[in-house]
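Colleague: Handing you this structure, nothing more for now.
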Amino acid sequence: MTKPIVFCDFDGTITNSDNIIAVMKRFAPPEWEAIKDDILAQRCSVQEGVGRLFSLLPSSLKEEIIHFLLQTARIRDGFREFVAFLKERDIPLYIVSGGIDFFVYPLLDGLVGKDRIFCNGSDFSGETIRITWPHSCDEHCQNGCGCCKPSLLRKLAPQDATKIVIGDSITDLAVARLADHVIARDFLLEKCQELRLPHTPFTTFYDVVAFFERIGVKA
Numbered sequence: 484m485t486k487p488i489v490f491c492d493f494d495g496t497i498t499n500s501d502n503i504i505a506v507m508k509r510f511a512p513p514e515w516e517a518i519k520d521d522i523l524a525q526r527c528s529v530q531e532g533v534g535r536l537f538s539l540l541p542s543s544l545k546e547e548i549i550h551f552l553l554q555t556a557r558i559r560d561g562f563r564e565f566v567a568f569l570k571e572r573d574i575p576l577y578i579v580s581g582g583i584d585f586f587v588y589p590l591l592d593g594l595v596g597k598d599r600i601f602c603n604g605s606d607f608s609g610e611t612i613r614i615t616w617p618h619s620c621d622e623h624c625q626n627g628c629g630c631c632k633p634s635l636l637r638k639l640a641p642q643d644a645t646k647i648v649i650g651d652s653i654t655d656l657a658v659a660r661l662a663d664h665v666i667a668r669d670f671l672l673e674k675c676q677e678l679r680l681p682h683t684p685f686t687t688f689y690d691v692v693a694f695f696e697r698i699g700v701k702a
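With the sequence shown counted from 1, adding 483 to any position gets you the working numbering.
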């Protein structure tokens, strides 16, 4: 096996639950649920839908939202050890997230450097929060992903690398199709089984470390 490169989702994968949903439940007016349903039913793109969701929130809530997530979000067991395991073996780890910089960075502070985190941006200069899209789709994708994980894999992974994708949801499916192996839970696990993608289930990141040990990744 050639040297692995790892692309890992954030919401619902590194964290135990989806932080955008948590923010909306806590701070947004009731109409956020209809927008969420539009995204899930693919009546609008993820980029359009997430932009609409955050436009419901006043920019003045920024610090309150950060404080709320720092108090309530939980990092999945074993993630710190997983990061150390990869670092010892010089295996690149990239966080590819549909989350937003103003909460992803604080939650990963001390765990993963900002140069390895690819997520959506934010602008608080207006009355409501505006989401920016520094990692939008390349010429091979027209899905309106927001943070386009397949585009990032094409950009960052050497041709001969063994591409490992870790994720949980519909937003990880397109990049999972490009992976050599998928480490999956929840919805993504069901889709990997249905589509017969090469995969391993996980519950905690201790399971992910065990996978790398099984395939013989050495220090």
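A virtual CB, placed ideally from N, CA and C, is assigned to each residue, including glycine.
Consult DSSP for residue 509 and reduce its assignment to one of helix, strand or coil.
Modeller: By 1-based counting over the sequence shown, the position of residue 509 is 26. It is helical.
Colleague: Please work out which residues of its chain come closer than 8 Å, Cβ to Cβ, to residue 634, disregarding the five sequence neighbours upstream and downstream, and give them in chain order.
Modeller: Working through the sequence shown from its first residue, we reach residue 634 at position 151. Closer than 8 Å at Cβ, skipping near neighbours: 618, 619, 620, 621, 623, 624, 628.
Colleague: Just curious, the alpha helix (DSSP H) that residue 658 is in, first and last residue?
Modeller: The sequence position of residue 658 within the sequence shown is 175, counting from 1. Looking at the DSSP string, the run of the alpha helix (DSSP H) that includes residue 658 is 656–659.
Colleague: How close, in whole Å, do the beta carbons of residue 489 and residue 575 come, if the pair is a contact with beta carbons under 8 Å?
Modeller: Against the sequence shown, residue 489 aligns to sequence position 6. Against the sequence shown, residue 575 aligns to sequence position 92. With a Cβ gap of about 7 Å, residue 489 and residue 575 count as contacting.
Colleague: DSSP state of residue 613, grouped into three classes?
Modeller: On the sequence shown, position 130 is the one that residue 613 refers to. The answer is strand: DSSP assigns residue 613 an E or B state.
Colleague: Measuring alpha carbon to alpha carbon, tell me which of 682, 505, 600 ends up nearest residue 557.
Modeller: Walking along the sequence shown from the start, residue 557 turns up at place 74. Minimum Cα distance to residue 557 is reached at 505.
Colleague: I need the boundaries of the alpha helix (DSSP H) containing residue 632, first residue and last residue.
Modeller: Along the sequence shown, read from residue 1 onward, the residue named residue 632 stands at position 149. Here the alpha helix (DSSP H) through residue 632 covers 632–639.
Colleague: Could you tell me whether the region 688–697 touches the region 555–571, using the rule of 3 or more Cβ pairs below 8 Å?
Modeller: A contact exists between the region 688–697 and the region 555–571.
Colleague: Going by DSSP in three states, residue 690 sits in which element: helix, strand or coil?
Modeller: As a first step, residue 690 must be located in the sequence shown, where it is residue number 207. Helix at residue 690.
Colleague: For residue 682, does the three-state DSSP call read helix, strand or coil?
Modeller: Position 199 of the sequence shown holds residue 682. Looking at residue 682 - three-state DSSP - the assignment turns out to be strand.
Colleague: Return the chain-ordered ranges of every beta strand (DSSP E) run that is complete within the region 550–596 and spans a minimum of 3 residues.
Modeller: Counting only runs of 3 or more, we get 576–583.
Colleague: Taking the beta carbon of residue 553 as the centre, do at least 16 other beta carbons fall within 10 Å, making it buried, or is it exposed?
Modeller: Stepping through the sequence shown from its first residue, residue 553 is reached at position 70. Exposed, since its Cβ has fewer than 16 Cβ neighbours within 10 Å.
Colleague: Measure the alpha-carbon distance for residue 525 versus residue 631 and round it to whole angstroms.
Modeller: Locating residue 525 in the sequence shown gives position 42, where the first residue counts as 1. Locating residue 631 in the sequence shown gives position 148, where the first residue counts as 1. For residue 525 and residue 631, the distance between alpha carbons rounds to 16 Å.
Colleague: Where does the unbroken alpha helix (DSSP H) through residue 533 begin, and where does it stop?
Modeller: Working through the sequence shown from its first residue, we reach residue 533 at position 50. That run of the alpha helix (DSSP H) goes 529–537.
Colleague: State the DSSP-derived secondary structure class of residue 548, mapped to helix, strand or coil.
Modeller: Position 65 of the sequence shown, counting from 1, holds the residue named residue 548. Of the three classes helix, strand and coil, the one that applies to residue 548 here is helix, per DSSP.
Colleague: Checking 8 Å against the spacing of the C-beta atoms, do residue 579 and residue 651 come in under that value?
Modeller: Position 96 of the sequence shown, counted from the first residue, corresponds to residue 579. Position 168 of the sequence shown, counted from the first residue, corresponds to residue 651. No, these two residues do not count as a Cβ contact at 8 Å.
Colleague: Compute the Euclidean distance between the alpha carbons of residue 612 and residue 653, then round it to the nearest angstrom.
Modeller: To locate residue 612, count along the sequence shown from 1; it is residue 129. To locate residue 653, count along the sequence shown from 1; it is residue 170. Answer to the nearest angstrom: the Cα atoms are 25 Å apart.
Colleague: Please report the distance separating the alpha-carbon of residue 725 from that of residue 496.
Modeller: Any question about residue 725 goes unanswered here, given that the chain covers just 484 to 702.
Colleague: Among the residues of its own chain, which have a CB less than 7 Å from the CB of residue 510, if the five just before and after it don't count?
Modeller: Within the sequence shown, residue 510 is the residue found at index 27, counting from 1. Answer for residue 510: 540, 544, 548, listed in chain order.
Colleague: Can you grab the Cα-Cα spacing for the pair residue 523 / residue 515, in whole Å?
Modeller: Within the sequence shown, numbered from 1, the residue matching residue 523 stands at position 40. Within the sequence shown, numbered from 1, the residue matching residue 515 stands at position 32. Cα to Cα, residue 523 sits roughly 13 Å from residue 515.
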